[in-house]
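> One line per chain: the protein sequences are A and B, in this order. Numbered according to this note's numbering, the first sequence terminates at residue 207, and the numbering increases by one at each position without gaps. Numbered according to this note's numbering, the second sequence terminates at residue 414, and the numbering increases by one at each position without gaps. Backbone N, C-alpha and C fix where the C-beta goes; we use that ideal spot for every residue, glycine too. On a predicted model such as this, the values are computed, not experimentally measured, just so you know.
Number of protein chains: 2
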Amino acid sequence: MSATTRRRRADGEQTRAAILDAATKLATVEGLDGLSIGRLADHIGMSKSGLYAHFGSKEELQLAAIDTATEIFRDAVIRPARRADTPLGRLEALCENFFGYLERPVFPGGCFFASATAELDTHPGPVREKLVESLDGWLALIERGVREAQEGGELDPLEDAALLAFELDAFMKMGNSLRVLHGDRSGLGQARAAIRSRLDRARVTKR
Amino acid sequence: MSATTRRRRADGEQTRAAILDAATKLATVEGLDGLSIGRLADHIGMSKSGLYAHFGSKEELQLAAIDTATEIFRDAVIRPARRADTPLGRLEALCENFFGYLERPVFPGGCFFASATAELDTHPGPVREKLVESLDGWLALIERGVREAQEGGELDPLEDAALLAFELDAFMKMGNSLRVLHGDRSGLGQARAAIRSRLDRARVTKR
DNA sequence: TGATAATACGAACGGTCGTGCTACTTTGTC
DNA sequence: GACAAAGTAGCACGACCGTTCGTATTATCA
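(1) Any chance you could list the alpha helix (DSSP H) runs of at least 4 consecutive residues sitting entirely within the region 55–87 of chain A, in chain order?
(2) Could you please give me the residues that DSSP links to R362(B) through a beta bridge?
(3) Are there 16 or more other CB atoms within 10 angstroms of the CB of G145(A), so buried, or fewer, so exposed?
(4) Go through its chain and collect everything with a Cβ distance to W345(B)'s Cβ below 8 Å, but skip five positions before and after it.
(5) Starting from G31(A), trace the alpha helix (DSSP H) both ways and give me its first and last residue.
(6) Using the C-alpha atoms, what's the distance from V29(A) back to S57(A)?
(7) To the nearest whole angstrom, what separates the beta carbons of T231(B) and I279(B), a pair I think is in contact under 8 Å?
(8) Enumerate in chain order the residues of its own chain whose CB-to-CB distance from I273(B) is below 6 Å, with the five nearest sequence positions on each side excluded.
(9) Put R216(B) into one of helix, strand or coil per three-state DSSP.
(10) Report the neighbours of T122(A) on chain B: residues whose CB is nearer than 9 Å to its CB, in chain order.
(11) Just to confirm, are A356(B) and L298(B) a CB contact at a threshold of 7 Å?
(12) Could you tell me the alpha carbon to alpha carbon distance between R405(B) and D343(B), rounded to whole angstroms?
(13) Output yes if chain A places a C-beta closer than 7 Å to the C-beta of V339(B); else output no.
(14) Taking DSSP as the reference, what is the three-state secondary structure of G100(A)?
(15) With a cut-off of 7 Å, does the C-beta of M381(B) fall near any C-beta of chain A?
(16) Taking C-alpha atoms, which residue in D21(A), E59(A), D42(A) and L20(A) lies nearest to D33(A)?
(17) Check whether chain A comes within 7 Å of F373(B), counting only Cβ atoms and requiring the distance to be less than that.
(18) Skipping 5 residues on each side, what residues in its chain have a beta carbon closer than 7 Å to that of K48(A)?
(19) Could you check whether V106(A) and A76(A) sit closer than 7 Å to each other, using their CB atoms as the reference points?
(20) Identify the continuous alpha helix (DSSP H) that holds G50(A) and give its terminal residues.
(21) So, for F305(B): in the same chain, excluding its five sequence neighbours on each side, which residues have a beta-carbon less than 7 Å away from its beta-carbon?
(22) Can you have a look at L188(A) and say buried or exposed, based on whether 16 or more other CB atoms are within 10 angstroms of its CB?
(23) Checking contacts by CB at 7 Å: is E336(B) closer than that to chain A?
(24) Got a sec: which bits of the region 399–413 of chain B sit with their beta carbon under 9 Å from any beta carbon on chain A, in order along the chain?
(25) For F107(A), does the three-state DSSP call read helix, strand or coil?
(26) Between the C-alpha atoms of A276(B) and G238(B), what's the straight-line distance to the nearest angstrom?
(27) By DSSP, does S243(B) sit in helix, in strand, or in coil?
(28) If you follow the alpha helix (DSSP H) that T117(A) is in, where does it begin and where does it stop?
(29) Please classify R214(B): is it buried, with 16 or more other beta-carbons within 10 angstroms of its beta-carbon, or exposed?
(30) Sorted by chain position, which residues of the same chain lie with C-beta nearer than 7 Å to L51(A)'s C-beta, five sequence neighbours on each side aside?
(31) Given Y308(B), which residues of its chain have a CB within under 6 Å of its CB, disregarding the five upstream and five downstream residues?
(32) What are the start and end residues of the alpha helix (DSSP H) that includes D160(A)?
(33) Helix, strand or coil for R223(B)? Go by DSSP, reduced to three states.
(34) Taking buried to mean at least 16 other C-beta atoms within 10 Å of its own C-beta, is A118(A) buried or exposed?
(35) Looking at C-alpha atoms only, which residue of H182(A), M174(A), P126(A) and G12(A) is the closest neighbour of Q190(A)?
(36) Closer than 7 Å, CB to CB, is A291(B) near chain A or not?
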């Protein structure tokens, strides 16, 4: 023994990726729980059982969809922000990339995580836990950005970093919510304005 | 014409109210769409068909539940805020009453409207429209509060009232979300702090 | 009091859900 | 080229969904 390790076929890997990609997008419209295996299968043109064979249960599909959405979010929002050349620039890029991710739109029903957590925050289980982890990680990322901008002398070190992160994320989520509710862009405009003004106030150059 | 108007019996009115009261509470946990007639009927100890007879369809039940939740929200948050004796006091009371409504808690799954809109914002139909109306009305109420505080000379008239309302509501919704996700009270503490600091900054006495 | 309509129930409808099971096809490895 | 593993489809299951219907009960008003 033994070359008997299980290997996954290339086409299977590809369909699995296609399923998960469609699942993340559909989940922002129908809900991560409301999404049904049958409709998802129809949507990508395969049979319910054929799709189902890639996952042991609906819950595993949901968990895998969260991983996929996390990767999509990283690519769209987090990674491109690393290119900015100052800590404050990276923080601002993070916020602006989030709005770009809403406007493109990457997901038809707005931010995947905002939609999924709102739906599952009262449903105990591993799916909820994974979403909470993601949300906490996102908030921690913003808070770290604030701290680095403080250490870099761009933001006032007297600002409460966790509170400032709370405020910035609140504006982003509110922008997402208004955009999904009204379709137009005014909600995102207000969110951008709120963030700009809040970061201006936290700038150390003010004194 | 015309004596053919439907009369409603007193006991029927009472059970109908009991159904709707339970429906609003259950809806914040299971979702307004995810709520099923059968589980709701079990929860209040009556038969599915007996319950169903009070409403022509599930959608009518949802619409009636929104009316009931609106009334509960008015009693818990809006009406008591009218007692404050200055416009700014009323605005602050509005925010504080909202946090009290979350802490009591009036609904087990957090704010009814935050939960319902997040679930149904991508489901077109009269239920969604009614929720959007409610949300817009709430934002307009806050904005009017800001305007009156500006006219009363308590808040800086140069502040963008709509934007300030956006920010205050963003903090409240974010506080609600964190509380439902983590159970503890730290999210509400941050929301309170954010609102206090934001209103301080908008005060006219600052100069 | 008797007539009448609102109320509540049990049973059942067709439909969809997640989930197994079986059989056939495709692919990758010796 | 044989053989095992993986992918896919078809089918059926039990459970639950919203909804309807027939019927027994009961509050209300003439």
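Once the coordinates are examined:
(1) Listed in chain order, they are 58–73.
(2) Residue identity check: residue 362(B) is Leu in the sequence provided, not Arg. In DSSP, L362(B) forms a bridge with R410(B).
(3) Result: buried.
(4) For W345(B), where only same-chain residues beyond five positions count, the Cβ hits under 8 Å are F320 and D376.
(5) Unbroken run through G31(A): none, as it is neither H nor E.
(6) Distance between the alpha carbons of S57(A) and V29(A) is about 21 Å.
(7) That belief holds up - the Cβ atoms of T231(B) and I279(B) are roughly 7 Å apart, short of 8 Å.
(8) Here the set comprises K337.
(9) Note: R216(B) maps to coil in three-state DSSP.
(10) What T122(A) touches in chain B, judged by beta-carbon distance under 9 Å, is T235, V236, E237, G238, P315, G316, G317, S322 and V387, going in chain order.
(11) Result yes, Cβ atoms of A356(B) and L298(B) sit closer than 7 Å.
(12) Cα-Cα distance, rounded: 22 Å.
(13) In terms of beta-carbon proximity, V339(B) lines the interface with chain A, with at least one pair separated by less than 7 Å.
(14) Of the three classes helix, strand and coil, the one that applies to G100(A) here is helix, per DSSP.
(15) For M381(B), a Cβ of chain A is located within less than 7 Å of the residue's own Cβ.
(16) Among D21(A), E59(A), D42(A) and L20(A), the Cα nearest to that of D33(A) is on E59(A).
(17) True, the Cβ-Cβ gap to chain A drops below 7 Å.
(18) Its chain contains I37, G38 and A41 as the residues whose beta carbon lies nearer than 7 Å to that of K48(A), once the 5 sequence neighbours on both sides are disregarded; these appear in chain order.
(19) In this structure, A76(A) lies near V106(A), with their beta-carbon atoms less than 7 Å apart.
(20) Unbroken alpha helix (DSSP H) run through G50(A): K48 to Y52.
(21) Within the same chain, F305(B) has close Cβ partners V284 and M379.
(22) Flag for L188(A) reads buried.
(23) Not an interface residue.
(24) Taking a C-beta cut-off of 9 Å against chain A, the contacting residues of the region 399–413 of chain B are A400, A401, S404, R405 and R408, listed in chain order.
(25) Of the three classes helix, strand and coil, the one that applies to F107(A) here is coil, per DSSP.
(26) About 13 Å.
(27) Secondary structure of S243(B) (DSSP, three-state): coil.
(28) That run of the alpha helix (DSSP H) goes F112 to L120.
(29) With fewer than 16 other Cβ atoms within 10 Å, it is exposed.
(30) Cβ neighbours of L51(A) beyond the five flanking positions: I19, I37, L40 and A41.
(31) These residues qualify, in order along the chain: A283 and V284.
(32) Per DSSP, D160(A) lies in no alpha helix (DSSP H) and is assigned neither H nor E.
(33) Looking at R223(B) - three-state DSSP - the assignment turns out to be helix.
(34) Here A118(A) is buried. Its C-beta has 16 or more other C-beta atoms within 10 Å.
(35) That would be M174(A), whose Cα lies nearest to the Cα of Q190(A).
(36) Contacts with chain A at 7 Å (Cβ-Cβ) do not include A291(B).
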